[in-house]
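The block underneath contains the structure these notes are about, expressed in structure tokens.
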Amino acid sequence: MSIYPIILSQTTFTHKDNLTYPFEERGLQFGDGIYEVVRIYNGQYDLFEEHLNRLFRSAEAIQLELPFTKEQLAQLLMELLKKNDMTADGIIYLQATRGSAPRNHVFPKEASTNVYAYVRDLPRNETNQANGVCTITQPDERWRNCYIKSLNLLPNVLAKQAATEKGCYEAILHLDGEVTECASSNVYMIKSGKIYTYPATNRILKGCVRIRVHNYADEIGVPFIEESFSTEAIASADELFLSSTTSEILPITKVDDTVIANGRPGPITRQLQKRFEQQIEQYRSCTTEYTK
Ligand code: PDD
Numbered sequence: 043m044s045i046y047p048i049i050l051s052q053t054t055f056t057h058k059d060n061l062t063y064p065f066e067e068r069g070l071q072f073g074d075g076i077y078e079v080v081r082i083y084n085g086q087y088d089l090f091e092e093h094l095n096r097l098f099r100s101a102e103a104i105q106l107e108l109p110f111t112k113e114q115l116a117q118l119l120m121e122l123l124k125k126n127d128m129t130a131d132g133i134i135y136l137q138a139t140r141g142s143a144p145r146n147h148v149f150p151k152e153a154s155t156n157v158y159a160y161v162r163d164l165p166r167n168e169t170n171q172a173n174g175v176c177t178i179t180q181p182d183e184r185w186r187n188c189y190i191k192s193l194n195l196l197p198n199v200l201a202k203q204a205a206t207e208k209g210c211y212e213a214i215l216h217l218d219g220e221v222t223e224c225a226s227s228n229v230y231m232i233k234s235g236k237i238y239t240y241p242a243t244n245r246i247l248k249g250c251v252r253i254r255v256h257n258y259a260d261e262i263g264v265p266f267i268e269e270s271f272s273t274e275a276i277a278s279a280d281e282l283f284l285s286s287t288t289s290e291i292l293p294i295t296k297v298d299d300t301v302i303a304n305g306r307p308g309p310i311t312r313q314l315q316k317r318f319e320q321q322i323e324q325y326r327s328c329t330t331e332y333t334k
């Protein structure tokens, strides 16, 4: 199954074919909204609390009122998996916008938040995990509030498209030569046994998997240093990797024309990937059986 039939619409459940919006909708017309993507392994949410926390942080940052508490949303999203009998690997996509109203930049008084969430299958990409991926560099042309998971993704879309056209997986973004993150993931450089990554300021999205990478680094005794590195430094990096909900922890073996080290995933990245695999194994060992 690609998209599962039952979706969450506002605070109730409906068949996906029933969801329609007027074309004067703030998400459609202004990108006036926020979203989250949560990974599902074996029918179970991964990093669930981290994603819910970030959703509520994003909502607060754009003064968007959500029609539920965090606890109520957690319940609804659990229910969503159950109603779809979802036991595979996948994702949920959830978005919340400032509602449907006649087009006017000012917040509408009469509109209420539009929310929907759906579930789709997404198998793990084991080939990429094993071999790593190539990337390009692109200027970071986004606004200054990238910590908000906003629907405004045009610079990200253009950067990712440029990468795809060069046969690459991701675009590494930089502000005047300082690497911030990728178009849809966080990025890390390993040099002399230490992991470097841009600090979690308003210039990047603080990834939920980034939190995990930090924890794993602590566990295996590798310093995790929140300090930016330059595009020039990449040429002499020992290892490079990226992280996101859908990419997991993914080695980068090439950036533009520069091959990283020997062109194969490095040992510290491998250790982090192995810890990630162990986490997934825990989901595999407890089956989800929904009783309807
Ligand atoms: N992307 N940075 C950006 C710009 C992102 O869009 C994402 C996630 C991340 C990593 O965050 P996390 O580890 O919480 O997935 C970093 C999601 C998956 C997306 O837009 O599809």
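In my numbering, the protein residues as written are 43 to 334. Ideal Cβ placement from N, Cα and C applies to all residues, glycine included.
Selection from T62, E223, D127 and Q137 that minimises the alpha carbon distance to G75: Q137
Just to confirm, are K236 and I267 a CB contact at a threshold of 7 angstroms? yes
With respect to 6 angstroms, is the separation between the Cβ of S192 and the closest non-hydrogen atom of ligand 1 below this value? no
Compute the Euclidean distance between the alpha carbons of V229 and H216, then round it to the nearest angstrom. 11 angstroms
C250 lies in the alpha helix (DSSP H); which residues open and close that run? C250 to I262
Mind listing, in chain order, the continuous beta strand (DSSP E) runs of no fewer than 3 residues lying wholly within the segment 70-151? 75-83 and 132-139
With a threshold of 16 other CB atoms inside 10 Å of the CB of V301, please say whether the residue is buried or exposed. exposed
Counting pairs of beta carbons, one from the segment 63-75 and one from the segment 108-121, are three or more of them closer than 8 angstroms? no
Cross-strand partners of A159 (DSSP beta bridge): L50 and L136
Starting from K58, trace the beta strand (DSSP E) in both directions and tell me its first and last residue. Per DSSP, K58 belongs to no beta strand (DSSP E) and is neither H nor E.
Three-way DSSP call (helix, strand, coil) for K191 in this model: coil
Specify the secondary structure class of Y230 as computed by DSSP and reduced to three states. strand
So L314 is in the alpha helix (DSSP H); what residue range does that whole segment cover? P309 to S327
Would you call the segment 196-208 in contact with the segment 236-246, where contact means no fewer than 3 C-beta pairs closer than 8 angstroms? no
Assigned exposure category for R254 - 16 Cβ within 10 Å defines buried: buried
Can you tell me whether T62 is buried or exposed? The criterion is at least 16 other CB atoms within 10 Å of its CB, across all chains shown. exposed
From this set, Y83, G73 and L284, which residue's C-alpha is nearest Q324's C-alpha? Y83
So what does DSSP say about K202, is it helix, strand or coil? helix
In terms of residue numbering, what span does the beta strand (DSSP E) encompassing T169 cover? Where T169 is concerned, there is no enclosing beta strand (DSSP E), although the alpha helix (DSSP H) it sits in stretches over E168 to N173.
In terms of residue numbering, what span does the beta strand (DSSP E) encompassing K208 cover? From DSSP, K208 is part of no beta strand (DSSP E); its letter is neither H nor E.
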